[in-house]
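Asks: So that we are looking at the same thing, I have put the structure below in structure tokens.
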Amino acid sequence: MMSRQTTLALVAAMLMGPFAGLALADKYEPNWESLNKKNPAPDWLRDAKFGIYFHWGVYCVPAYGSEWYPRNMHRVGSRENKHHIAKYGDPVEFGYDKFVEMFKAEKFDADEWADLFAKAGAKYAGPVCEHHDGFSMWDSDLTPWNAADRGPKRDIAGELAKAVRKRGMKFVATFHHARNNLWEKQPGKWSGHYDAALKNYPKALEDKERAFMYGYMPREQFLKMWLGKLKEVIDKYEPDLMWFDSWLSEIPEKTRMEYLAYYFNASEKWGRDVVVTFKQNDLPREVAIDDYEKGRASEKTDFVWLTDDTISKGSWCYTDNLTIKDTAEVLTTFIDIISKNGQLLLNISPKADGSIPANQRKVLLEMGQWLKVSGEAVYDTRPWITYGEGGTKMAKGGHFVRSVKYKSDDVRFTCKGKTVYATFLGWAGAGEKMTLATFAKGGKAAGVKVKRVSLIGGTGKIAWKQSDEGLTIAMPDKAPNELAVAFKIETE
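Here our numbering is used: the sequence shown runs in plain steps of one and ends on residue 664.
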């Protein structure tokens, strides 16, 4: 005979069961109808604007060509192939896996990196968790090829997650590993980062551990591992933003939906809004935001997007001959991006030993100096009626756009409520009068009455006049920073 306490407990469980089940059930199911309920662009991302990530991994050891070295070293006749044979020997005898032993990261200091990112003005940061090369930059139980067990023998992602969050930044995890699998898409037609190894150096795949790193395994095993790695990073590090390179289209739709449901449901348990990015048409815009590689929109968009661009003019990872953009190019491009409803994820290129070169540090610190003074025109803003005005135009929008050199009469707008920010992408000189035609009688902001204009980072009064021709602003005697000059325009 059951005790009274047991009976009451069973009755309570029956009464509460359906409600408890609803409370504990996952909010998102692995189908588009359910996943589309997620807001793909939370306010924290739109407020933050600027983040930093880094192509840093085993591919930095040869420091030659680019982060595609592991693929190209197997392409007979390529410069990487010739370089590899001359310096290291036959790719069969000296495979990419040999570089893992040389990847020590002895100068890596997560706190030092996070300090630099904070000084640069970044609000989110994190690593390339895995590139196409098959090496995981976190403590993984799914692959022996991970930074905690080999190479640095440190949980790189874990150290960085802790360091960036300690400084108030969101944690970013980026993934390129959809391309790692060496698989036969059609009979005789192989795809994958190491397809040239199969074609030109098949004996390189006879070593089972190396073949595993090269993604040479049954397709179903790889797909299970692709998803498992994402779940592992979600569970261990709770990333706020998960960024994906191209080739997500090679992952079955069912698997992609399973990943999204897992991540979104995890974020519900954390009580935090998260972001997923995609390239091309690999995910629906209802669940993730567009990412333009080395590009951006040419006009203001009604959807939120992100640009991933690199601080260099060549490889994304460190190479011995890497050249770096100047701060003016990085900064003015960033200001253009945010005026059009975009955000920037800027890549830097640390050395294999974990040091960040001085020329890259210089650009980051100069970005930070500008943002410290003029960040009011950037952080927590939204696009205005129009993105800007001026004579310099982009040839096209999208991925891989050409570098644009802006002039002092090129202006970009952002806003907060009734306050408009006009940032000139250069310094016209003391006393120069600049007229914003957007405020003209026939302009896009016709009817917007200006009541006050001030220089962000300045102390003196600014001479200005609104007329049928527009809003004319006289440049002050000195600019807070000549790379770009931001004005606060308060309207009625």
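Beta carbons are placed, not taken as given, at the ideal position from N, Cα and C, and that holds for glycine.
Keeping to the same chain, check which residues put their C-beta closer than 7 Å to that of I557; ignore five residues upstream and five downstream.
Replies: Excluding positions up to five away in sequence, the list reads K616, A617.
Asks: With DSSP as the reference, label F506 as helix, strand or coil.
Replies: Reduced to three states, the DSSP call for F506 is helix.
Asks: Please tell me whether G526 and E331 are closer than 8 Å, where the distance is taken between their beta carbons.
Replies: Cβ distance not < 8 Å, so G526 and E331 don't count as in contact.
Asks: Please look up how many angstroms separate the CB atoms of A433 and P202, rounded, as I've assumed it's under 8 Å.
Replies: That belief holds up - the Cβ atoms of A433 and P202 are roughly 4 Å apart, short of 8 Å.
Asks: If the criterion is Cβ atoms closer than 8 Å, does the pair A345 and Y409 meet it?
Replies: Taking 8 Å as the Cβ cut-off, A345 and Y409 qualify as a contacting pair.
Asks: With 16 other CB atoms within 10 Å as the buried threshold, where does R624 fall?
Replies: Its Cβ having fewer than 16 others within 10 Å, R624 is exposed.
Asks: Considering only the alpha carbon of each residue, which of V502, T499, K523, L478 lies closest to N493?
Replies: Measuring from the Cα of N493, the nearest candidate turns out to be K523.
Asks: Look at the alpha carbon of Y236 and the alpha carbon of T491, and state the distance between them as a whole number of angstroms.
Replies: Approximately 5 Å between the Cα atoms of the pair.
Asks: Helix, strand or coil for H227, going by three-state DSSP, please let me know.
Replies: H227 falls in the strand class under three-state DSSP.
Asks: Is the beta carbon of K401 sitting closer than 8 Å to the one on L314?
Replies: A contact, by the Cβ cut-off of 8 Å.
Asks: Excluding the five sequence neighbours on either side, which residues of its own chain have a C-beta within less than 7 Å of the C-beta of E440, listed in chain order?
Replies: Answer for E440: K199, listed in chain order.
Asks: Could you compute how far the alpha carbon of K396 sits from the alpha carbon of K466?
Replies: One C-alpha to the other measures close to 31 Å.
Asks: Can you check DSSP and say which residues form a bridge with K660?
Replies: Bridge partners of K660: Y593, S626.
Asks: What span of residues does the alpha helix (DSSP H) with L332 cover, start to end?
Replies: Run containing L332: 328-338, per the alpha helix (DSSP H) assignment.
Asks: Thinking I634 and S546 are a contact (beta carbons under 8 Å), I'd like their distance in whole angstroms, please.
Replies: Their Cβ separation, rounded to whole angstroms, is 14 Å, which puts I634 and S546 out of contact at 8 Å.
Asks: Since I645 sits in a beta bridge, which residues does DSSP pair it with?
Replies: Answer by DSSP bridge pairing, in chain order: M606, W636.
Asks: Does the Cβ of P359 have 16 or more other Cβ atoms within 10 Å, making it buried, or fewer, making it exposed?
Replies: When all chains shown are included, P359 counts as exposed.
Asks: Give the DSSP bridge partners of F450, in chain order.
Replies: According to DSSP, F450 bridges with D462.
Asks: Identify, in the order they occur along the chain, each residue of the same chain with its Cβ nearer than 8 Å to the Cβ of F384, setting aside the five sequence neighbours on each side.
Replies: For F384, where only same-chain residues beyond five positions count, the Cβ hits under 8 Å are G306, T315, P316, W317.
Asks: If we ignore side chains and look at the alpha-carbon of each, how far apart do Q532 and E641 end up?
Replies: Approximately 43 Å between the Cα atoms of the pair.
Asks: Between which two residues does the alpha helix (DSSP H) containing L395 stretch?
Replies: Segment 391-409, the alpha helix (DSSP H) holding L395.
Asks: Kindly indicate which three-state DSSP category R243 falls into: helix, strand or coil?
Replies: Three-state result, R243: helix.
Asks: Spatial neighbours of L182 within its chain, please: CB distance less than 6 Å, with the 5 preceding and 5 following residues excluded, ordered by chain position.
Replies: Residue placement at L182 cannot be trusted, given a pLDDT of 37 that sits under 50; what the coordinates show is reported in the next sentence. Here the set comprises nothing.
Asks: Use the C-beta contact count for K613: other C-beta atoms within 10 angstroms, 16 or more gives buried, fewer gives exposed.
Replies: Looking at its Cβ environment, which holds fewer than 16 other Cβ atoms inside 10 Å, K613 is exposed.
Asks: Taking all protein chains shown into account, do 16 or more other C-beta atoms lie within 10 angstroms of the C-beta of K512, making it buried, or fewer, making it exposed?
Replies: Result: buried.
Asks: Classify T499 as helix, strand or coil using the three-state DSSP reduction.
Replies: DSSP places T499 in helix when its eight states are reduced to three.
Asks: From N453 to M606, what distance separates their C-alpha atoms?
Replies: Distance between the alpha carbons of N453 and M606 is about 41 Å.
Asks: What are the partner residues of I257, as DSSP defines its beta bridges?
Replies: Paired residues: none, contrary to the question.
Asks: Using a Cβ distance threshold of 8 Å, determine whether the stretch 455-462 contacts the stretch 499-507, with at least three qualifying pairs required.
Replies: Counting Cβ pairs under 8 Å, fewer than three are found: no touch.
Asks: Please list the terminal residues of the continuous alpha helix (DSSP H) segment that includes S356.
Replies: It should be noted that the sequence gives Glu, not Ser, for residue 356. No alpha helix (DSSP H) contains E356, which is instead part of the beta strand (DSSP E) from 355-358.
Asks: Determine which residues share a DSSP beta bridge with N318 and list them.
Replies: Bridge partners of N318: S308.
Asks: Please go through the same chain and pick out, in chain order, the residues whose beta-carbon is closer than 8 Å to the beta-carbon of T668, but skip the five residues on each side of it.
Replies: Because the chain is modelled from 173 through 664, residue 668 falls outside the range shown and cannot be assessed.
Asks: Assign Q638 to buried or exposed, taking buried as 16 or more other Cβ atoms, counted over all protein chains shown, within 10 Å of its Cβ.
Replies: Q638 is buried by the Cβ-count criterion.
Asks: Relative to the alpha-carbon of G261, which residue among A292, H246, Q541 has its alpha-carbon at the smallest distance?
Replies: Measuring from the Cα of G261, the nearest candidate turns out to be H246.
Asks: Can you name the start and end residues of the alpha helix (DSSP H) that F347 belongs to?
Replies: It is not in any alpha helix (DSSP H) - F347 instead sits in the beta strand (DSSP E) that spans 342-347.
Asks: Taking the alpha-carbon of V264 as reference, which of G323, Y366, K361, V230 has the nearest alpha-carbon?
Replies: Of the listed residues, the one whose Cα sits closest to V264 is Y366.
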